[in-house]
Amino acid sequence: MRASSKAQKHGLSHDTEREFGGTLGAICIPIFLPLTVLFLICTSRSPEASLLQWPPALPSTDQLWDPLAPGLLLGWIALHAFLYLMPLGKVSEGLVLRDGTRLKYPINGYHGLCISAVVLLLLLGLGVPLGYLFELLLPLAVSAIGISFLLSIYLYIRSFWAPLHGLAPGGNTGNPVYDFFIGRELNPRIGNFDLKYFCELRPGLIGWVVINLGMLMKEVELRGSPSLAMILVNGFQLLYVADALWNEEAVLTTMDIVHDGFGFMLVFGDLAWVPFTYSLQASFLVVHPQALSWLKAAAIVALNGAGYYIFRKSNSQKNQFRRDPTHPSVTGLETIATSTGKRLLVSGWWGLVRHPNYLGDLLMALAWSLPCGFSHLLPYFYVTYFTVLLIHREARDERQCRTKYGPAWDTYCRRVPYRIFPYVY
Ligand code: NDP
Numbered sequence: 011m012r013a014s015s016k017a018q019k020h021g022l023s024h025d026t027e028r029e030f031g032g033t034l035g036a037i038c039i040p041i042f043l044p045l046t047v048l049f050l051i052c053t054s055r056s057p058e059a060s061l062l063q064w065p066p067a068l069p070s071t072d073q074l075w076d077p078l079a080p081g082l083l084l085g086w087i088a089l090h091a092f093l094y095l096m097p098l099g100k101v102s103e104g105l106v107l108r109d110g111t112r113l114k115y116p117i118n119g120y121h122g123l124c125i126s127a128v129v130l131l132l133l134l135g136l137g138v139p140l141g142y143l144f145e146l147l148l149p150l151a152v153s154a155i156g157i158s159f160l161l162s163i164y165l166y167i168r169s170f171w172a173p174l175h176g177l178a179p180g181g182n183t184g185n186p187v188y189d190f191f192i193g194r195e196l197n198p199r200i201g202n203f204d205l206k207y208f209c210e211l212r213p214g215l216i217g218w219v220v221i222n223l224g225m226l227m228k229e230v231e232l233r234g235s236p237s238l239a240m241i242l243v244n245g246f247q248l249l250y251v252a253d254a255l256w257n258e259e260a261v262l263t264t265m266d267i268v269h270d271g272f273g274f275m276l277v278f279g280d281l282a283w284v285p286f287t288y289s290l291q292a293s294f295l296v297v298h299p300q301a302l303s304w305l306k307a308a309a310i311v312a313l314n315g316a317g318y319y320i321f322r323k324s325n326s327q328k329n330q331f332r333r334d335p336t337h338p339s340v341t342g343l344e345t346i347a348t349s350t351g352k353r354l355l356v357s358g359w360w361g362l363v364r365h366p367n368y369l370g371d372l373l374m375a376l377a378w379s380l381p382c383g384f385s386h387l388l389p390y391f392y393v394t395y396f397t398v399l400l401i402h403r404e405a406r407d408e409r410q411c412r413t414k415y416g417p418a419w420d421t422y423c424r425r426v427p428y429r430i431f432p433y434v435y
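According to the numbering used here, numbering within the sequence shown proceeds without interruption in unit steps and concludes at 435.
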């Protein structure tokens, strides 16, 4: 059989619809997003912290490079690779693949977080100045961007040795630039070590809260104690990361693991974008301290709590329903049948809007920005970007669900007309 007809047999047509602006997006995004990361870090520590400042705050070459940074980063990744391989926690199976098999994944990311916390406490006890991460942030970001490119090149090359059924449905267009960007191989593994699953929640996500802690320690160095705003930002984001790792098994059914190939888009997102742009509020607060009253702090904690409640309850309800639809917590919910045999929830959280989990996530994102006050736009970068990301992600998911469920999906959309924000969108 020729390669192209083989590919079609596996649902891997070269005519696959292209996402993220196709080839143009695949050329521009790997140039533009790394520069955005560096621009945002520089801006967050400039006195003006203005996104509109002209000329923009540009770093000098010696601010961009420190040989300590790549060493630290590789050591961090190696530590988490070691913890991934440790026989800690249970082992779960992913969804059934096209060849009928299921891959096994260690569920020990939360152990990784706890062990990282112990290591950090030991380092603090030994007097290691964690606040130095503030000075090292730009060289660390440059190193993470470099590692993302190298890993993506490796992934693209090795994908040509992967079996056809191991390629992602959207990553085999035959256009090298687009395939490099979107990812050709679905589950690249070295032995049992799953590269995509490893990168998804561990070095970058845990790295994000470590950077936040470094910014808090820098504040202690500068002002003697951490500010209330810094404590809130650290606390909220730690809760988010701990929750993601506590519920790590749920990642096995997400679009990233089930559908997307592992290419530059996910590698860069996991290793560079998340840790270095999600920590912007903390790095902004080091240079731009904000006074926060207890009353305002209480209102922000309540907003984060409400967002977390909606996010966690809706995600858990769907995960429970998908794992065991006969479980007492979900049997009372109204559902509609689909031609695939799977049912769709039309009451409970998933009857409120079609993505209640995104709504909760966005409320939390707003709560992470509010401690930074209203004097600057920069701390609101995350909530703005995240709104765009989730609206785009919702559209991608909607397309996939319409293909999967056909008329049943249209019935669901009629029953639950709003996508993310009730009565608005
Ligand atoms: P979701 O958890 O929203 O899952 C979407 C899938 O759920 C659909 O493909 C469908 O899959 C199933 N589904 C949709 N509607 C229903 C229904 N009514 N009843 C039952 N099943 C339904 O996917 P995401 O991966 O986008 O999001 C997971 C979480 O991660 C979210 O909370 C999101 O906010 C968060 N997130 C955070 C990011 C960050 O950077 N902080 C980035 C991206 C996501 P099927 O029917 O096949 O089960």
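Glycine residues also receive a C-beta, built at the ideal position from the N, C-alpha and C atoms. Treat the numbers as computed from the prediction; the structure is a model and nothing was measured.
For I125, the closest of R212, Q73 and F278 by C-alpha to C-alpha distance is R212. Fewer than three Cβ pairs drawn from the segment 374 to 391 and the segment 343 to 352 lie within less than 8 Å of each other, which leaves the two stretches out of contact.
Straight through space, the alpha carbons of D253 and K323 are spaced by roughly 12 Å. Closest option to F272, judged by alpha-carbon separation, among G245, L205 and Q300: L205. With contacts defined by Cβ atoms closer than 8 Å, C52 and A239 do not form a contacting pair. With respect to N197, D189 sits apart: the two C-beta atoms are not nearer than 8 Å. Within a 10 Å sphere around the beta-carbon of C209 sit 16 or more other beta-carbons, which makes this residue buried. Around the beta carbon of E258, a 10 Å sphere encloses 16 or more other beta carbons of the protein chains shown; the residue is thus reported as buried.
Collapsing the DSSP output to three states places D266 in a helix.
Not one heavy atom of the ligand NDP falls within 7 Å of the beta-carbon of C209. Below 8 Å, too few C-beta pairs join the segment 335 to 345 and the segment 392 to 411 to call them touching: fewer than three. T413 has its Cβ no nearer than 7 Å to any heavy atom of the ligand NDP.
P139 and V243 have their C-alpha atoms spaced approximately 20 Å apart.
Looking only at L226, G122 and I192, the smallest Cα-Cα distance to P40 is reached by I192. Within the DSSP bridge table, the entry for S102 names Y115 as partners.
DSSP places I430 in no alpha helix (DSSP H); its state is neither H nor E. If you look at L248, you'll find it in the alpha helix (DSSP H) that goes L238 to W256. Cβ contact annotation for R425 (same chain, cutoff 8 Å, sequence separation greater than five): I346, V356 and G361, in chain order.
In the three-state reduction of the DSSP assignment, T397 falls in the helix class.
The C-beta of Y207 has 16 or more other C-beta atoms within 10 Å across all chains shown, which makes the residue buried. Cα atoms of R364 and P427: separation of roughly 8 Å, rounded to the nearest angstrom.
Under the three-state reduction of DSSP output, E195 falls in the strand class. Comparing alpha carbon positions, the residue from S385, L369, A91 and A375 closest to V434 is L369. With a cut-off of 7 Å, the C-beta of D109 is classified as distant from the ligand NDP, since no heavy atom of the ligand falls inside that distance.
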